[in-house]
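Peer 1: Using the working numbering, read the first sequence as starting at 41 and increasing by one per residue.
Backbone N, C-alpha and C define an ideal beta-carbon position, used for all residues, glycine too.
Computed from a prediction, not measured in an experiment: that's the story for all the values here.
Please see the structure below; I have some questions.
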Amino acid sequence: MVDYCKIDLENTINSGQVFLWKKYPNFWYGIDGQNILRITDSGKIISYSKNKIDYFREKDDLEKILKAISKDKTTQQAVQKYQGLRLLRQDPFQCFISFIISSNSNIQKIKTCLENICESFGKKVVFDGNEFFLFPESKTLASASNQEIRNCGVGYRADFVIKASEMVYSKKIDFECLKNCKYAEAKDLICQVPGIGDKVADCILLFSLDKLEAFPLDRWMIRILEKYYPQTFKISTKTITHRQYELLHEKIVNHFGSFAGYAQQFLFKMERENYKKKWL
DNA sequence: CCAAGGCCTGAATG
DNA sequence: ACATTCAGGCCTT
Numbered sequence: 041m042v043d044y045c046k047i048d049l050e051n052t053i054n055s056g057q058v059f060l061w062k063k064y065p066n067f068w069y070g071i072d073g074q075n076i077l078r079i080t081d082s083g084k085i086i087s088y089s090k091n092k093i094d095y096f097r098e099k100d101d102l103e104k105i106l107k108a109i110s111k112d113k114t115t116q117q118a119v120q121k122y123q124g125l126r127l128l129r130q131d132p133f134q135c136f137i138s139f140i141i142s143s144n145s146n147i148q149k150i151k152t153c154l155e156n157i158c159e160s161f162g163k164k165v166v167f168d169g170n171e172f173f174l175f176p177e178s179k180t181l182a183s184a185s186n187q188e189i190r191n192c193g194v195g196y197r198a199d200f201v202i203k204a205s206e207m208v209y210s211k212k213i214d215f216e217c218l219k220n221c222k223y224a225e226a227k228d229l230i231c232q233v234p235g236i237g238d239k240v241a242d243c244i245l246l247f248s249l250d251k252l253e254a255f256p257l258d259r260w261m262i263r264i265l266e267k268y269y270p271q272t273f274k275i276s277t278k279t280i281t282h283r284q285y286e287l288l289h290e291k292i293v294n295h296f297g298s299f300a301g302y303a304q305q306f307l308f309k310m311e312r313e314n315y316k317k318k319w320l
């Protein structure tokens, strides 16, 4: 008997989709844009701002989605093993910057960079008797200097962060508009941002812009497809070109259906655990 | 359209 | 202890 409402907070946070969370003895604190969330293990959310958010996508029909993506033994097992794992609906700007920084990096380092960015540029607030730094707004990062951003540890990605922030502040990139676009259209638009290619775009689309058919293909997912799906998805070369990425994504949506992004999250979680990779 | 090299940092390995 | 190698995705050539 599966309880589709039960959320596994630990597995959800430790699945590579989100970075600014910190565990306390009985709950987690997380930064989500201009908001701070406190979540108990039972899944109760207390938020700093009173804004209503559906951080856990609780309106998604999990029963339907999990059945839909369970097309093969591998996915069935991953879904079974990590059934409380959820996709999050994150603050778009924070997600956008997070994954620009994520390229050519790893989870621990991304977290450190983002914490530095919050400390250097975010508003300091007190919530629950503790001090926190909110994620900075686009205007602030857009007007920062290259050196200031570099000091956060992002290296050559500093220019990407500044230009990307400018594009958001000037509304050249408008997240509300992207939410209303179809996947392909939103992806074309977001790929115009420097530092955003296929993989980073798919992360942003999946984790903050409600595009559930987005299926980020990083080195781990490629490895997973080669290992568990050598017949279904034949991968010829080591590095995936843009064209190959597109063709592969088409095959993936054919196989998993329009909720493919959920499948990606379960598969990624499973394989990273198999290799005992560290999370936050 | 594709292939190869460079970018930056920290962890892992020698 | 130190030096080298590697992991990671995007951009330019």
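1) By the DSSP assignment, the beta strand (DSSP E) with F299 in it spans what residues?
2) Sort out for me which residues DSSP pairs G70 with in a bridge.
3) Going residue by residue through the stretch 116 to 188, where are the continuous alpha helix (DSSP H) segments of at least 4 residues, counting only ones entirely within it?
4) Under the rule that 16 or more other beta-carbon atoms within 10 Å means buried, what is P132, buried or exposed?
5) Under 8 Å, do F175 and I85 count as touching if we go by C-beta distance?
6) Using three-state DSSP, classify S87 as helix, strand or coil.
7) With distances taken from CA atoms, which of Y95, D81, A204, K203 is nearest F67?
8) Leaving out the 5 sequence neighbours to the left and right, which residues in its chain are closer than 7 Å to S138 when beta-carbon positions are compared?
9) Among F273, V240, I280, whose alpha-carbon lies nearest the alpha-carbon of N294?
10) For W319, does the three-state DSSP call read helix, strand or coil?
11) With distances taken Cα to Cα, identify the nearest neighbour of S248 among S276, G73, S87.
12) Would you mind working out which of L106, I105, Q123 sits nearest L49, comparing C-alpha positions?
13) To the nearest whole angstrom, what separates the beta carbons of L125 and S55, a pair I think is in contact under 8 Å?
14) Leaving out five residues before and five after L12 in sequence, what residues of the same chain have Cβ atoms less than 6 Å from its Cβ?
15) Three or more C-beta pairs closer than 8 Å, one from the stretch 192 to 210 and one from the stretch 139 to 146: is that the case here?
16) So, with DSSP's three-state summary, where would you put A226?
17) If the criterion is Cβ atoms closer than 8 Å, does the pair C192 and N144 meet it?
18) Alpha carbon to alpha carbon, what distance is there between K212 and E206?
19) Please tell me whether E313 and W260 are closer than 8 Å, where the distance is taken between their beta carbons.
20) Quick check on DSSP: helix, strand or coil for L245?
21) Compare the beta carbon distance of I79 and L320 with 8 Å and say whether it is the shorter of the two.
22) When the Cα atoms are used, what is the spatial distance from D168 to F161?
23) So what's R190 in DSSP terms, helix, strand or just coil?
Peer 2: Looking at the atomic coordinates:
1) From DSSP, F299 is part of no beta strand (DSSP E); its letter is neither H nor E.
2) W61, L77
3) 132 to 142, 147 to 161, 178 to 182
4) buried
5) no
6) strand
7) D81
8) F59, I150, L154
9) F273
10) coil
11) G73
12) Q123
13) 6 Å
14) Nothing in the structure corresponds to residue 12, since the chain is present only between 41 and 320.
15) yes
16) helix
17) no
18) 8 Å
19) no
20) helix
21) no
22) 21 Å
23) helix
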